[in-house]
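Participant:
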Amino acid sequence: MEQLIREKIKRVKKGDQAAYSMIVDFYQDRIYQHCFRMLGNKHEAEDIAQEAFIRAYINIDSFDENRKFSTWLYRIATNLTIDRIRKRKPDYYLDAEIKGAEGLTMYSQLSSNDPLPSEEVESSELNHYIHQEISELPPKYRSIIILRYLEEFSLQEIASILDIPIGTVKTRIHRGREALRKRLRHV
Amino acid sequence: MEIHKEKIILMHQYLDGEIDKIKEMELFTHIEKCEACRNHFEELTQSISMIQSAENIQAPSGFTNNVMRKLPKEKKRIKYKR
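First to last, the protein sequences are chains A and B.
To convert, note that position 32 of the first sequence is 32 in this note's numbering; the numbers rise steadily by one, no gaps.
So the mapping is simple: this note's numbering equals the position in the second sequence, first residue as 1, plus 1000.
(1) Counting only beta-carbon separations shorter than 7 Å, does GLN132/A have a partner in chain B?
(2) Counting along the chain, where does the alpha helix (DSSP H) carrying ALA179/A start and finish?
(3) Closest Cβ-Cβ distance between GLU1042/B and chain A: below 7 Å?
(4) For a test of the three-state rule: what should DSSP assign to VAL187/A, helix, strand or coil?
(5) At what residues does the alpha helix (DSSP H) containing LYS1007/B begin and finish?
(6) Please classify GLY1062/B: is it buried, with 16 or more other beta-carbons within 10 angstroms of its beta-carbon, or exposed?
(7) Starting from ILE1048/B, find everything on chain A with Cβ-Cβ shorter than 8 Å and list it in chain order.
(8) Please confirm whether any heavy atom of the ligand MN lies closer than 6 Å to the CB of ARG11/A.
(9) Could you give the C-beta distance for LEU73/A and ALA56/A, rounded to a whole number, given that I count them as a contact under 8 Å?
(10) Of the residues ASN127/A, ASP47/A, ARG142/A, which one's Cα is nearest the Cα of ARG177/A?
(11) Taking only beta-carbon positions, decide if THR1064/B is within less than 7 Å of chain A.
(12) Please classify LYS14/A: does DSSP put it in a helix, a strand, or coil?
(13) Among GLN1046/B, PRO1072/B, LYS1033/B, which one has its Cα closest to the Cα of ILE58/A?
(14) What residues from the segment 47 to 59 of chain A come within 8 Å of chain B, judged by C-beta to C-beta, listed N to C?
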């Protein structure tokens, strides 16, 4: 498969746009899922995942063919999700606690027929709960936990996706696991 | 408390597959005796297996077509460069 992808990339670099559709087909589920887990919202996930593939296409000439394409693509997608999270105004953070109201978040202020960001997708309650807990981790731990445990990248690959030293990956994964443990210990 | 902190660091090294045999023995000998550390370790491994049980999600239908439609116009430079 890796070989086939390599050949398609060569053709895309030569200007053959149609060759790109097989690449999108092959990675769409993984990239969409990654964006959904990062953002906790179906519409934003679709938007950002599409953007990631478009950026990858536009910048395909800068992709070094000696590297793994998936790592490069994940880097683009992760950066876009983090940008999107940063651009959300803090005032509108649904999961931000309301001052003076212990444990109460903006979610509880939504009228009951507004769908919660991650409500539409999951089939089971537990699944919904897990995604919600993940999407409430601070973004820098969230990306690492998702890449490590849901997408099963090695620590070295994560360092290259996030463009941070491996020592930082280890510190963050350590803290991310502790944050996750605190959230999930009473389930 | 210090001793637990030390063991927690070992737990994370273990989870990253970066612990040597001697430290690993040290960790598990301690875990057997120490309830607090045993609980901590179980909570860590359980929260990991819990998130790993999350179902896979598929991209919405028509995803590839939507991306392909939004790409900038095909570069013609190769085709006409003869």
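Beta carbons are placed, not taken as given, at the ideal position from N, Cα and C, and that holds for glycine.
Facilitator: In brief:
(1) The sequence position of residue 132/A within the first sequence is 132, counting from 1. Closer than 7 Å to the CB of GLN132/A there is not a single CB belonging to chain B.
(2) Working through the first sequence from its first residue, we reach residue 179/A at position 179. For ALA179/A, the uninterrupted alpha helix (DSSP H) run begins and ends at 166 to 184, by DSSP.
(3) Taking the second sequence and counting its residues from 1, one reaches residue 1042/B at position 42. For GLU1042/B, the answer is no, since every Cβ of chain A falls outside 7 Å of its Cβ.
(4) Position 187 of the first sequence, counted from the first residue, corresponds to residue 187/A. Three-state result, VAL187/A: coil.
(5) Residue numbering aside, residue 1007/B sits at position 7 when the second sequence is read from its first letter. Element bounds for LYS1007/B: 1002 to 1015.
(6) Along the second sequence, read from residue 1 onward, the residue named residue 1062/B stands at position 62. Note on GLY1062/B: under 16 other CB atoms within 10 angstroms of its CB, so exposed under the neighbour-count rule.
(7) Locating residue 1048/B in the second sequence gives position 48, where the first residue counts as 1. Under the 8 Å cutoff, chain A gives TYR149, ARG177, LEU180.
(8) Although the ligand MN was asked about, the structure shown includes no ligands whatsoever.
(9) For the purposes of this step, residue 73/A is taken as the residue at position 73 of the first sequence. For the purposes of this step, residue 56/A is taken as the residue at position 56 of the first sequence. That belief holds up - the Cβ atoms of LEU73/A and ALA56/A are roughly 6 Å apart, short of 8 Å.
(10) In the first sequence, counting from the first residue as 1, residue 177/A sits at position 177. The shortest Cα separation from ARG177/A among ASN127/A, ASP47/A, ARG142/A belongs to ARG142/A.
(11) Here residue 1064/B refers to the residue found at position 64 when the second sequence is read from its first residue. It does; some Cβ of chain A falls within 7 Å.
(12) Here the question's residue 14/A lines up with position 14 in the first sequence. Reduced to three states, the DSSP call for LYS14/A is coil.
(13) Taking the first residue of the first sequence as position 1, residue 58/A is located at position 58. Comparing Cα positions, the closest option is PRO1072/B.
(14) Of all residues in the segment 47 to 59 of chain A, those with a C-beta nearer than 8 Å to a C-beta of chain B are ALA49, GLN50, PHE53, ILE54, TYR57, ILE58, reading in chain order.
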